[in-house]
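Here's the structure we're looking at; comments come further down.
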Amino acid sequence: MAPQAQILPGTLDLLILKAVSLGALHGYGILLRIEQISGRALLIEQGALYPALFRLVRQGLLKANWGTSENNRRAKFYELTAAGRKRLHEETDGWNRLAAAMKTVLSAQPEEV
Amino acid sequence: MKILAYARAASRALLNRVGLNRELDEEIRSHIAMHADDLERSGLSRAAAERQARIAFGGGERFKEECREVAGISFVESVAQDVRFALRLLRKNPALTAAVILTLALGIGVNVAMFSVFDSFLFRMLPVQNPSHLVTLSAIGKKGGESTVFSYPDFQDIKNQTTSIFSGMAAIAENTADGISVNGRAEPILTNYVDGNYFGVLGVRPALGRLILPTEGKALGANPVLVLGYSYWQAAFAGDPNVVGKRVAINGHVVTIVGVAQKGFQGTRSFLDVQGYLTLAMMAIDSPGQDSNFISDREAKRFEVVARLRRGLTISRARPVLDVAATRVSEQYPAANRWSRLQVAELGALGPIVGPNPIPIVAALFLTLAGLVLLLACLLEYR
Chain D
36 MAPQAQILPG TLDLLILKAV SLGALHGYGI LLRIEQISGR ALLIEQGALY
86 PALFRLVRQG LLKANWGTSE NNRRAKFYEL TAAGRKRLHE ETDGWNRLAA
136 AMKTVLSAQP EEV
Chain E
4 MKILAYARAA SRALLNRVGL NRELDEEIRS HIAMHADDLE RSGLSRAAAE
54 RQARIAFGGG ERFKEECREV AGISFVESVA QDVRFALRLL RKNPALTAAV
104 ILTLALGIGV NVAMFSVFDS FLFRMLPVQN PSHLVTLSAI GKKGGESTVF
154 SYPDFQDIKN QTTSIFSGMA AIAENTADGI SVNGRAEPIL TNYVDGNYFG
204 VLGVRPALGR LILPTEGKAL GANPVLVLGY SYWQAAFAGD PNVVGKRVAI
254 NGHVVTIVGV AQKGFQGTRS FLDVQGYLTL AMMAIDSPGQ DSNFISDREA
304 KRFEVVARLR RGLTISRARP VLDVAATRVS EQYPAANRWS RLQVAELGAL
354 GPIVGPNPIP IVAALFLTLA GLVLLLACLL EYR
């Protein structure tokens, strides 16, 4: 198991958008998928997920519908809207640039300066 | 139609808060149940699995509160946005803004005017003692028809025969414009000729000096006294307290001012403001020669009657006594009076009225009209 890391502020939204982009999920499912695709490296406080989901729905990035889970439990399923998909692309690009820049900076050697 | 849409959004937001709580509760329950399902599959008992799932979720209330804040803040934000938007629009179209303000002002103004007019004319009682006990009489003719005026002898007869139901009865001659001359300056004023019981029956007190006494005005030309209306005293004499005893001329006849009627009292019709009260005996100065014999003439029907019901009596209980009086007087003087009965009605703000009381109908009509004007003004704003 990889060492766990607290997620950075502001990154939860992006993680949710990414998790949901792979298929409609309920809240618990989103949690499991983020854990799964991060190799259990990212730890999310379970309850904190819901205010984030609520915010994304209000921003029109997600849409929610009540349905039935694989275990026959009633649950609210979230999926991306067109705006959500667009936002995911933008944020992914932005994040990649930032990560690349951070990596370059942090790996700088004395002789390169 | 922005206002309607806005009201809908606001009510939806309020309803949503209730729905939001319920939905969040359900979502969190379902989350914890699904987590517990997984824990149970890994070998825990159901109870232990549920407990662990609840602990893992953390404080549900805190997160619900966060959700509510997200909802609440955006509601307030959208209100502020709408207000800013409206202000911007109004600034951009000064002509439209002026038209909007003007129509609204007109609509509201018309309504305010209507309501205040009806309030003062129709709904407010006379400023006298127990105004609800005051009634007015009218005679219903044998061949139909109704009259609110009586001759002085008939008034006296009716008064004498109805002392069991009325504690007092007064005769008033119709409102007349007379010329008053004060210090050589002449102007027309509105006067009432009233009998000596007038102020007593109404329960009006003097603001200054005295009023007309029950003993006054019994003989033609006797007691040339004048009582001023309060607002006329203020306007024409600047509220001078030394006005009592002053001699002025009414239609050329010298009368003495003896007092001022109480503040707020302006006669028995609230839309008129009587400026001076004279005794019945002074009627000769109004139209000399014509009324010289009004005290004995049964054909000279020119007095309205105001009476005060005895305490505890109602109009319906007074009726039998009046019927008897009506029959007696009209049988005694068949030439002058062909009455089938005497009608008694509350003294409305309009004074004695012939026929059914028109006030409610008129009031309803005008208030409806005013309401429509306001509605129209509002509809114009919508477009």
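Line by line, the protein sequences give chains D and E. Positions in the first sequence are counted from 1; adding 35 to them yields this note's numbering. Positions in the second sequence are counted from 1; adding 3 to them yields this note's numbering. For glycine and all other residues, C-beta sits at the position ideal for the given N, C-alpha and C.
DSSP-derived helix/strand/coil call for A339/E: Walking along the second sequence from the start, residue 339/E turns up at place 336. Three-state result, A339/E: coil.
In terms of DSSP beta bridges, what is G212/E paired with? Within the second sequence, the letter at position 209 stands for residue 212/E. Per DSSP, G262/E.
If A225/E and A142/E are in contact, beta carbons under 8 Å, what's the gap, nearest whole angstrom? For the purposes of this step, residue 225/E is identified with residue 222 of the second sequence, where counting begins at 1. For the purposes of this step, residue 142/E is identified with residue 139 of the second sequence, where counting begins at 1. No, A225/E and A142/E are not in contact; Cβ-Cβ is about 29 Å, not under 8 Å.
Please give the ranges of any beta strand (DSSP E) in the region 131 to 173 of chain E, keeping only runs that are unbroken, at least 3 residues long and fully inside the region. 137 to 144
Whole-angstrom Cβ separation of G102/D and A118/D, contact assumed at under 8 Å? By one-based count along the first sequence, residue 102/D stands at place 67. By one-based count along the first sequence, residue 118/D stands at place 83. Contact doesn't hold; Cβ gap of about 22 Å is too wide.
Three-state secondary structure (DSSP) at A135/D? The count along the first sequence starts at 1 and reaches residue 135/D at position 100. Three-state DSSP puts A135/D in a helix.
Near Y196/E, what residues of its chain come up, given a Cβ to Cβ distance below 6 Å and the 5 sequence neighbours on each side ignored? Residue mapping note: residue 196/E aligns to position 193 of the second sequence, counting from 1. A176, L281, L283, M286.
Residue ranges of each alpha helix (DSSP H) within the region 273 to 335 of chain E, 4 or longer: Fully enclosed alpha helix (DSSP H) runs of 4 or longer: 318 to 335.
Where the beta strand (DSSP E) containing P191/E begins and where it ends: Position 188 of the second sequence holds residue 191/E. 188 to 197 is the span of the beta strand (DSSP E), which, as asked, contains P191/E.
Beta-carbon within less than 7 Å of D157/E's beta-carbon, same chain only, minus the 5 sequence neighbours each way: which residues are those? By one-based count along the second sequence, residue 157/E stands at place 154. Excluding positions up to five away in sequence, the list reads R301, V332, N340.
Tell me which residues of the region 93 to 116 of chain D have at least one Cβ-Cβ distance to chain E shorter than 7 Å, keeping chain order. Closer than 7 Å at the C-beta level to chain E, one finds these residues of the region 93 to 116 of chain D: R93, S104, N106, R108, R109, A110, K111.
Neighbour flag for E80/D against chain E, beta carbons, 8 Å: Position 45 of the first sequence, counted from the first residue, corresponds to residue 80/D. So, interface residue.
Sort out for me which residues DSSP pairs T103/D with in a bridge. By one-based count along the first sequence, residue 103/D stands at place 68. By DSSP's assignment, T103/D forms a beta bridge with R109/D.
As a quick exercise: from I31/E, R54/E, R44/E, N245/E, pick the residue whose alpha carbon is nearest that of A83/D. Here residue 83/D is taken as the residue at index 48 of the first sequence, counted from 1. Out of I31/E, R54/E, R44/E, N245/E, I31/E has the C-alpha closest to the C-alpha of A83/D.
Taking the alpha-carbon of L153/D as reference, which of H61/D, P86/D, G74/D has the nearest alpha-carbon? This structure leaves residue 153/D out entirely; chain D is present only between 36 and 148.
Determine the direct distance from the alpha carbon of L137/E to that of L316/E, and round the result to whole angstroms. Taking the first residue of the second sequence as 1, we reach residue 316/E at position 313. Taking the first residue of the second sequence as 1, we reach residue 137/E at position 134. The alpha-carbon atoms of L316/E and L137/E are separated by roughly 11 Å.
Cut-off 7 Å between Cβ atoms - residues of its own chain near A37/D, not counting five sequence neighbours on either side: Counting from 1 along the first sequence, the entry for residue 37/D is found at position 2. Any reading at A37/D is ruled out, since the residue's pLDDT is 48, under 50, leaving its predicted position unreliable.
Please report how far the alpha carbon of A328/E lies from the alpha carbon of N114/E, in whole angstroms. By one-based count along the second sequence, residue 328/E stands at place 325. By one-based count along the second sequence, residue 114/E stands at place 111. Approximately 46 Å, taken between the alpha carbons.
Could you compute how far the alpha carbon of E53/E sits from the alpha carbon of S142/D? As a first step, residue 53/E is located in the second sequence; it is residue number 50 there, counting from the start. As a first step, residue 142/D is located in the first sequence; it is residue number 107 there, counting from the start. Each residue's alpha carbon lies about 46 Å from the other.
Between the region 179 to 193 of chain E and the region 203 to 221 of chain E, do at least 3 Cβ pairs fall closer than 8 Å? Result no; under three Cβ-Cβ pairs closer than 8 Å.
Expressed to the nearest angstrom, what Euclidean distance is found between the alpha-carbon atoms of A380/E and L92/E? Here residue 380/E refers to the residue found at position 377 when the second sequence is read from its first residue. Here residue 92/E refers to the residue found at position 89 when the second sequence is read from its first residue. Straight-line Cα distance between these residues: approximately 19 Å.
In angstroms with no decimal places, state the Cα-to-Cα distance between S154/E and A264/E. Reading the second sequence from its first residue, position 151 is the one you call residue 154/E. Reading the second sequence from its first residue, position 261 is the one you call residue 264/E. Rounded to the nearest angstrom, the two C-alpha atoms are 26 Å apart.
So for R122/D, helix, strand or coil by DSSP? On the first sequence, position 87 is the one that residue 122/D refers to. Helix.
Proximal residues, the region 49 to 66 of chain D versus chain E, C-beta separation under 9 Å: H61, G62, Y63, G64, L66
Can you give the Cα-Cα distance for G62/D and K138/D, rounded to whole angstroms? Stepping through the first sequence from its first residue, residue 62/D is reached at position 27. Stepping through the first sequence from its first residue, residue 138/D is reached at position 103. Just so you know, the alpha carbons of G62/D and K138/D end up roughly 32 Å apart.
What are the start and end residues of the alpha helix (DSSP H) that includes R75/D? For the purposes of this step, residue 75/D is taken as the residue at position 40 of the first sequence. Note, R75/D: premise wrong, no alpha helix (DSSP H); not H, not E.
Taking the straight line between their C-alpha atoms, what separation do you get for L99/E and L382/E? As a first step, residue 99/E must be located in the second sequence, where it is residue number 96. As a first step, residue 382/E must be located in the second sequence, where it is residue number 379. Approximately 14 Å between the Cα atoms of the pair.
Would you mind reading off the limits of the alpha helix (DSSP H) that contains A238/E? The residue given as residue 238/E occupies position 235 in the second sequence. Residues 233 to 240.
Is the beta carbon of R313/E less than 8 Å from the beta carbon of S170/E? By 1-based counting over the second sequence, the position of residue 313/E is 310. By 1-based counting over the second sequence, the position of residue 170/E is 167. Cβ atoms of R313/E and S170/E: closer than 8 Å.
Which residue wins for smallest C-alpha separation from V35/E, given the options G199/E, A50/E, G232/E? By one-based count along the second sequence, residue 35/E stands at place 32. In the sequence as presented, Val is not what sits at residue 35/E; that position holds Ile. When only C-alpha atoms are compared, the closest one is A50/E.
Using a Cβ-Cβ cut-off of less than 9 Å, give me the residues of the region 116 to 138 of chain D that come near chain E, in sequence order. none
Please report whether the beta-carbon of D40/E lies at a distance below 8 Å from any beta-carbon of chain D. Translated into positions along the second sequence, residue 40/E becomes position 37. At least one beta carbon of chain D lies nearer than 8 Å to the beta carbon of D40/E.
Looking at the C-beta of M37/E, does it have a partner C-beta in chain D at a distance below 8 Å? Taking the first residue of the second sequence as 1, we reach residue 37/E at position 34. Taking 8 Å as the CB threshold, M37/E lines the interface with chain D.
Taking A251/E as part of the alpha helix (DSSP H), name the residues at either end of that continuous run. The count along the second sequence starts at 1 and reaches residue 251/E at position 248. It is Val, not Ala, that sits at residue 251/E in the sequence shown. V251/E -> not in any alpha helix (DSSP H); beta strand (DSSP E) instead, spanning 250 to 253.
How is L107/E classed by DSSP in three states: helix, strand or coil? Numbered from its first residue, the second sequence carries residue 107/E at position 104. In the structure shown, L107/E sits in a helix (DSSP, three-state: H, G or I).
Closest to T165/E by C-alpha separation, out of A366/E, P323/E, K249/E, A348/E, would be which residue? Locating residue 165/E in the second sequence gives position 162, counting from the first residue. Of the listed residues, the one whose Cα sits closest to T165/E is P323/E.
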